[in-house]
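Undergrad: One structure, as structure tokens, below. Some questions next.
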Amino acid sequence: RLGAIIAWYLCLFRPDRVTALVNTSVAFMRHVFIRAGAAAVKTTDYFNQAYGPTYYVCRFQVSSSSPPLCHACLSSGLTNEVTQEPGVAEKEFAPAHARHLMTRILSDRFSERAAGKEPKDGGDDADVALPPWLTEADIDYFAAAFEKTGFTGAINYYRNMDRNWELAAPWADAKVTVPTKFIVGDGDLTYHYAGIQDYLHKGGLKADVPLLEELVVVPGAGHFIQQERAQEVSDHIHDFIAKF
């Protein structure tokens, strides 16, 4: 998620402004988020190699020569084949589509399975079974927010990921020196990135985040862990932050 990456950057750039961090879902992947040495891979190249050019991060990149859009935001249900010229994503992710988008996105676990899945058609939201942790009132709330703001800001963040990777190069050898707790669901796509479990469990994350105090893997949880396991995540946050 965007928040996790931004939190890692904040703690990397300005640890003096952060007392402690509880981060979720997206681990600190130095070579993907920072142009750091020979092992570094540009962010969009990493996702393109892992999941192909139709993966949503790749598809949001503006290019008049891009292949047709096969799916957006995993199983959003928007399947019109388009070329990703400037304005196309904004049209597909128009505020008028907010409720449809939020229903489709939040109903998917953002799992390894979902990353390679292409929806059959736009679908009817009435056919989507909401998970137990998600209500129609939740959908209404998120949709109302995006109907006001649109999705352009979020899309542009993805478009700027490679630039952020370049700009972070001066911190190539820096470590995250903030007391940290990291939480991830074992059903989250981010927990199944190539090599990520070895990185997490065999000392890689601890080497990059030397003040990492705890790594929590939540069985059965997906990407939206703060909603799927709201009380459990809140307890983890409270227990950790209370120490400071």
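Read left to right, the sequence shown gives residues -20 to -1, 1 to 224 (mature numbering (1 follows the signal peptide of the UniProt record, and there is no 0)). Virtual Cβ for every residue (Gly too), placed ideally from N, Cα, C. Quantities reported herein were computed from a predicted structural model and do not represent experimental measurements.
(1) Put S44 into one of helix, strand or coil per three-state DSSP.
(2) Going by alpha carbons, who is nearest to I119 out of Y179, K128, R209, R84?
(3) Name the two residues that bound the continuous alpha helix (DSSP H) containing G133.
(4) Considering just the uninterrupted stretch of the alpha helix (DSSP H) at I163, what are its terminal residues?
(5) From Y121 to F204, what distance separates their C-alpha atoms?
(6) Compute the distance between the beta-carbons of Y179 and A30, then report whether it is under 8 Å.
(7) Give me the Cα-Cα distance between E72 and Y26, rounded to the nearest whole angstrom.
(8) When you compare each of F162, P33, W145 to K22 by their alpha carbons, which one comes out closest?
(9) Measuring CB to CB, does N3 end up less than 8 Å from F162?
(10) Hey, F(-8) and L185: beta-carbon distance below 8 Å or not?
(11) Could you please give the first and the last residue of the uninterrupted beta strand (DSSP E) stretch that includes V37?
(12) Residues in its own chain within less than 6 Å of G130 by CB, not counting five upstream and five downstream?
(13) Could you check where the beta strand (DSSP E) with V197 kicks off and where it finishes?
(14) Quick one: grab the DSSP three-state call for L1.
TA: From the atom records:
(1) Residue placement at S44 cannot be trusted, given a pLDDT of 49 that sits under 50; the coordinates are not used to answer.
(2) Looking only at Y179, K128, R209, R84, the smallest Cα-Cα distance to I119 is reached by R84.
(3) Going by DSSP, G133 is part of the alpha helix (DSSP H) stretching over 132 to 139.
(4) Looking at the DSSP string, I163 is not in any alpha helix (DSSP H); the run it does join, the beta strand (DSSP E), is 160 to 165.
(5) Looking at the two C-alpha atoms, the distance is approximately 16 Å.
(6) Cβ atoms of Y179 and A30: not closer than 8 Å.
(7) The alpha-carbon atoms of E72 and Y26 are separated by roughly 25 Å.
(8) Ranked by Cα distance from K22, the options F162, P33, W145 are led by W145.
(9) Contact: yes.
(10) In this structure, L185 does not lie closer than 8 Å to F(-8) by Cβ.
(11) Taken as a continuous stretch (DSSP letters only), V37 belongs to no beta strand (DSSP E), being part of the alpha helix (DSSP H) at 36 to 39.
(12) So the qualifying residues of the chain are P75.
(13) Where V197 is concerned, the enclosing beta strand (DSSP E) stretches over 192 to 198.
(14) L1 falls in the strand class under three-state DSSP.
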